[in-house]
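J.: Supplied in structure tokens, the structure appears directly below.
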Amino acid sequence: MTLLRKGLLCASLMAMSLTSGCITLLPDPGKPPSIVTMRADPNIGRAAVSAPFSMGIGLPMMPAILATNKVTVRRDDGSYAYVERLVFSASAPDSIQNVVLESFDRSGAARAAVRALTVARPDYELHFDVNAFEVTEPDGRRPGVARVEAGVRLVEVYTGQPIAATIITAEVPAPRGNRLVPARALEEATQKMAIEAMAWSIRTATPFYASRAASVTR
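Quick note: the sequence shown uses my numbering, first residue -13, plus one each step.
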């Protein structure tokens, strides 16, 4: 009976709101999320000489819990949480790919850099298996840490064979501060990872490219 009376009361209030036009039952939407767009390090210097080959940047593979547009926090007990009302403008795989691609573009390290698996056919491709894309919680004694870790593979497109692989880890502090700090710290860690991956790929691919070019001219 109590539930029934409450139901009748709610129905009466709803009817009043429809006729009076001055009562709203819409919930408060709350504050909109802050949106951060990840970009390459703006201070990347131009390469003295561009490598003569092109590089394709693959879309990173990563666990589903990390592959969102949310900022992921790894807690002390190993569980994950998301930072409230703070998101990236694109999913983590897209954001990381954008940072790596823009790093190549800004530096001019290669003759060209494109997204892998597009119409353009590069000489080599970089593929990323991202195992960590997260921040830890700061406490009274220490700041949080933004951490990006990726297994990186360099693939020769002509043969489809991987020619080298490495693991790159980048960490930067994520201290207490304004609400954007965790996202900006992850952006900075991604920038560091991208620059290291770029330098490694150019350094590794150069002798392979020279060897193949020499064999063609014989």
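Backbone N, C-alpha and C define an ideal beta-carbon position, used for all residues, glycine too.
(1) Are the CB atoms of Ala151 and Ser139 within a distance shorter than 8 Å?
(2) Is Glu120 helix, strand or coil by DSSP?
(3) Determine whether the beta carbon atoms of Ser77 and Leu166 lie at a separation below 8 Å.
(4) Taking the beta carbon of Leu11 as the centre, do at least 16 other beta carbons fall within 10 Å, making it buried, or is it exposed?
(5) Return helix, strand or coil for Thr190, following the three-state DSSP convention.
(6) Check whether the stretch 20 to 35 and the stretch 93 to 113 touch, using three or more Cβ-Cβ pairs below 8 Å as the test.
(7) Less than 8 Å separating the beta-carbons of Val116 and Met48?
(8) Count the other CB atoms within 10 Å of the CB of Asn84; is the residue buried (16 or more) or exposed (fewer)?
(9) Am I right that Val121 and Val59 are in contact with their C-beta atoms under 8 Å? What's the rounded C-beta distance?
(10) Which one or two residues does DSSP pair with Phe74 in a beta bridge?
(11) If you measure between the beta carbons of Met184 and Ser81, is that distance less than 8 Å?
(12) Assuming Phe119 and Leu172 are in contact, meaning their beta carbons sit under 8 Å apart, how far apart are those beta carbons, in whole angstroms?
(13) Assign Gly44 to one of two classes, buried (16 or more other C-beta atoms within 10 Å of its C-beta) or exposed (fewer than that).
T.: By the coordinates alone:
(1) Taking the sequence shown and counting its residues from 1, one reaches residue 139 at position 153. Taking the sequence shown and counting its residues from 1, one reaches residue 151 at position 165. Checking the sequence, you will find Arg at residue 139 rather than Ser. Against a cut-off of 8 Å, the Cβ pair of Ala151 and Arg139 comes out as a contact.
(2) Stepping through the sequence shown from its first residue, residue 120 is reached at position 134. In this structure, Glu120 counts as strand in the three-state DSSP scheme.
(3) By 1-based counting over the sequence shown, the position of residue 77 is 91. By 1-based counting over the sequence shown, the position of residue 166 is 180. At the C-beta level, Ser77 and Leu166 stay beyond 8 Å of one another.
(4) Position 25 of the sequence shown, counted from the start, is the residue given in the question as residue 11. For Leu11, the predicted structure reports a pLDDT of 46, less than 50, and the residue's modelled location is therefore unreliable. The matter cannot be settled from this model.
(5) Numbered from its first residue, the sequence shown carries residue 190 at position 204. Of the three classes helix, strand and coil, the one that applies to Thr190 here is helix, per DSSP.
(6) The answer is yes - the stretch 93 to 113 touches the stretch 20 to 35, with three or more Cβ pairs under 8 Å.
(7) By 1-based counting over the sequence shown, the position of residue 116 is 130. By 1-based counting over the sequence shown, the position of residue 48 is 62. Closer than 8 Å, so yes.
(8) By 1-based counting over the sequence shown, the position of residue 84 is 98. Buried is the call here.
(9) Stepping through the sequence shown from its first residue, residue 121 is reached at position 135. Stepping through the sequence shown from its first residue, residue 59 is reached at position 73. With 8 Å as the limit, Val121 and Val59 qualify as a contact, their Cβ atoms being about 6 Å apart.
(10) Along the sequence shown, read from residue 1 onward, the residue named residue 74 stands at position 88. According to DSSP, Phe74 bridges with Val22.
(11) Reading the sequence shown from its first residue, position 198 is the one you call residue 184. Reading the sequence shown from its first residue, position 95 is the one you call residue 81. No, the pair does not count as a contact, with Cβ atoms beyond the cut-off.
(12) Taking the sequence shown and counting its residues from 1, the one referred to as residue 119 is at position 133. Taking the sequence shown and counting its residues from 1, the one referred to as residue 172 is at position 186. 7 Å between Cβ atoms; contact.
(13) On the sequence shown, residue 44 is found 58 positions in, with the first residue counted as 1. Gly44 comes out buried.
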